[in-house]
Amino acid sequence: MPNSLLRFLCPETFIYLYALTIPFSVSGAAVGMMALLLFSLYRISFSRDLRLVPSGFWFFVAMFAWQSVSLAANGLWGQFGRNLWDKSPLFTVGGLKLDQKVLSRALKILLWANVVLIFYALLQRYADAPVIVKELFTSDGRLKGFSSHPLRFCGYLSTVGIMSLAAALFYSRRAYAFFAVISAGVIMTGSRSYMISYLLACALLAFWKSRKAFARFILAGMAGVGLFLLLYRPAMERVMSTFSAGHDQVRYNIWSVAWRAFAENPVFGLGVRQLPKYMEPYKASGFTDTASHAHNIYLSALAEEGFIGLVLMLAVFAYFLRRYYRAASLSAGAPLMRAWALGLSAALVNLLIAGVFEAHFYTFGIWSLMTFLMGLYEGAERGQREGIAASPRS
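Residue -16 is where the sequence shown starts when you use this note's numbering, and the numbers rise one by one after that.
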């Protein structure tokens, strides 16, 4: 095989492939993920060095092990092997030794790809641009991208937006343009839960920068969001529907069903991804308006994996929040690393807050991206620690 082709078929190529394709195609992103997984398994089988596995990944392995126990306790033997795939980028990318310029390039590709997607969606809606694969807005005007639902797309897109703001605040002001476009996309999804969590997470980033930056963000954020809601009527209608009669009761009914499932199965739960079957009779009777999920990651964990499952999930968030926030304080001399660590911290806060209203822990687009970004940080930190010199901004 020619040396030029061998140089092309390196892990960095598949990192860039994932960053480029995740906004557009789950299948395309999965190709990059699978290539990285095969490369990582080969390295570990050859070196037999488990230190190549980022320590935080073992928390996900512990969750996977408990989920297998939970499924077995419920007689669901055929369900084994799920629920770790979307977390695998932390293992595959985090085990590499990366130069910081790989982070910079991957972030640029990711931001540009999402901006292109948003502009294409707007051209589809307002300029009759040809539909490629599918329409990117729902019939009621909610941006959903190539995802199956606006909520899934917003969970993913909000993480991208938070990383763009972290880059703008702590690394390069040029990223503000990306943040503005992506934030507009977040609002156009019409997801009230993620709008709240996104704004709070972004405000937290600004606060970490300085009190002056925080004050500016609050003023500019309120003005910007208010103006955009006035200009984009479908998003305004979604926000106003929050105050409609009965909205709170519907959500409470869904939560009460999930709590009932936990009360009936407090140790092992129903088994991961089994709550929808439990909820179907309640939807059929009209007690709830959905049987797809509990609209809450905490109640979902309790209902499907029992109390131990909830503790393990909270341990994942607690570990990584502490890990990246502490890492940011030690990266003052490396602006990109500090921006990345703080961005990851804020993105986790975003998912924690949104999790009060949405069940997202097994959404591929959200968590494959989150663990991909974590893996990039782990790989770059490994590169620093093992001798790759930090690169200038590229």
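The beta carbon of each residue, even a glycine, is placed where N, CA and C say it ideally should be.
inquiry  = Using C-beta distances below 6 Å, list every residue in its chain close to residue 245, excluding the 5 sequence neighbours before and after it, in chain order.
reply    = The residue given as residue 245 occupies position 262 in the sequence shown. Correct list, in chain order: 285 and 286.
task = Note down, in chain order, each residue of its chain lying with its Cβ closer than 6 Å to the Cβ of residue 77, except the 5 sequence neighbours on either side.
result = In the sequence shown, residue 77 corresponds to position 94, counting from 1. Correct list, in chain order: 37, 358, 361 and 362.
key: Distance between beta carbons of residue 71 and residue 16, contact taken as under 8 Å   = The count along the sequence shown starts at 1 and reaches residue 16 at position 33. The count along the sequence shown starts at 1 and reaches residue 71 at position 88. About 6 Å separates the two Cβ atoms, so the contact holds.
key: Per-residue burial, residue 273 [other beta carbons within 10 Å of its own, 16 or more giving buried]   = By one-based count along the sequence shown, residue 273 stands at place 290. Exposed.
ask   = Would you report the Cα separation of residue 178 and residue 276, rounded to the nearest angstrom?
value = Here residue 178 refers to the residue found at position 195 of the sequence shown. Here residue 276 refers to the residue found at position 293 of the sequence shown. Approximately 20 Å between the Cα atoms of the pair.
Residue 60, enclosing alpha helix (DSSP H) - first and last residue = Against the sequence shown, residue 60 aligns to sequence position 77. Residue 60 -> no alpha helix (DSSP H), and no H or E assigned at all.
ask   = If we count the other Cβ atoms within 10 Å of its Cβ and call it buried at 16 or more, is residue 12 buried or exposed?
value = Position 29 of the sequence shown, counted from the start, is the residue given in the question as residue 12. Buried, since its Cβ has 16 or more Cβ neighbours within 10 Å.
key: DSSP-derived helix/strand/coil call for residue 126   = In the sequence shown, residue 126 corresponds to position 143, counting from 1. It is a strand residue.
key: As assigned by DSSP and simplified to three states, the class of residue 120   = Position 137 of the sequence shown holds residue 120. The answer is strand: DSSP assigns residue 120 an E or B state.
task = Identify whether residue 264 lies in helix, strand or coil by the three-state DSSP scheme.
result = In the sequence shown, the residue the question calls residue 264 occupies position 281. Residue state, collapsed to three classes: helix.
ask   = Do the region 155 to 175 and the region 88 to 98 meet, that is, are 3 or more Cβ pairs less than 8 Å apart?
value = yes
inquiry  = If contact is defined by three or more beta carbon pairs under 8 Å, each pair taking one atom from either stretch, is the region 322 to 335 in contact with the region 234 to 253?
reply    = no
inquiry  = With three or more C-beta pairs closer than 8 Å as the rule, is the region 291 to 307 touching the region 128 to 144?
reply    = no
message = Going by C-alpha to C-alpha distance, which of 216, 355 and 199 sits closest to residue 3?
response = In the sequence shown, residue 3 corresponds to position 20, counting from 1. When only C-alpha atoms are compared, the closest one is 355.
message = Could you tell me the alpha carbon to alpha carbon distance between residue 288 and residue 370, rounded to whole angstroms?
response = Here residue 288 refers to the residue found at position 305 when the sequence shown is read from its first residue. Here residue 370 refers to the residue found at position 387 when the sequence shown is read from its first residue. When rounded, the distance between both Cα atoms is 42 Å.
message = Comparing C-alpha positions only, which one of 125, 129 and 306 sits nearest to residue 115?
response = Working through the sequence shown from its first residue, we reach residue 115 at position 132. Of the candidates 125, 129 and 306, the one whose C-alpha sits nearest the C-alpha of residue 115 is 129.
task = In angstroms with no decimal places, state the Cα-to-Cα distance between residue 69 and residue 333.
result = Along the sequence shown, read from residue 1 onward, the residue named residue 69 stands at position 86. Along the sequence shown, read from residue 1 onward, the residue named residue 333 stands at position 350. Each residue's Cα considered, the two are about 18 Å apart.
task = Under 8 Å by Cβ, that's how I've got residue 379 and residue 303 pegged, so tell me the actual separation to the nearest angstrom.
result = Since the first and last residues shown for the chain are -16 and 377, residue 379 lies out of range.
message = Nearest by alpha-carbon distance to residue 7: which of 24, 103 and 147 is it?
response = In the sequence shown, counting from the first residue as 1, residue 7 sits at position 24. Here the closest residue by C-alpha is 103.
Where residue 135 falls, given that 16 or more other Cβ within 10 Å makes a residue buried = Numbered from its first residue, the sequence shown carries residue 135 at position 152. Classification of residue 135: buried, given that the 10 Å Cβ count is 16 or more.
ask   = In three-state terms, what does DSSP make of residue 194?
value = Stepping through the sequence shown from its first residue, residue 194 is reached at position 211. It is helical.
Helix, strand or coil at residue 185 [DSSP, three-state] = Taking the sequence shown and counting its residues from 1, one reaches residue 185 at position 202. Correct three-state label for residue 185: helix.
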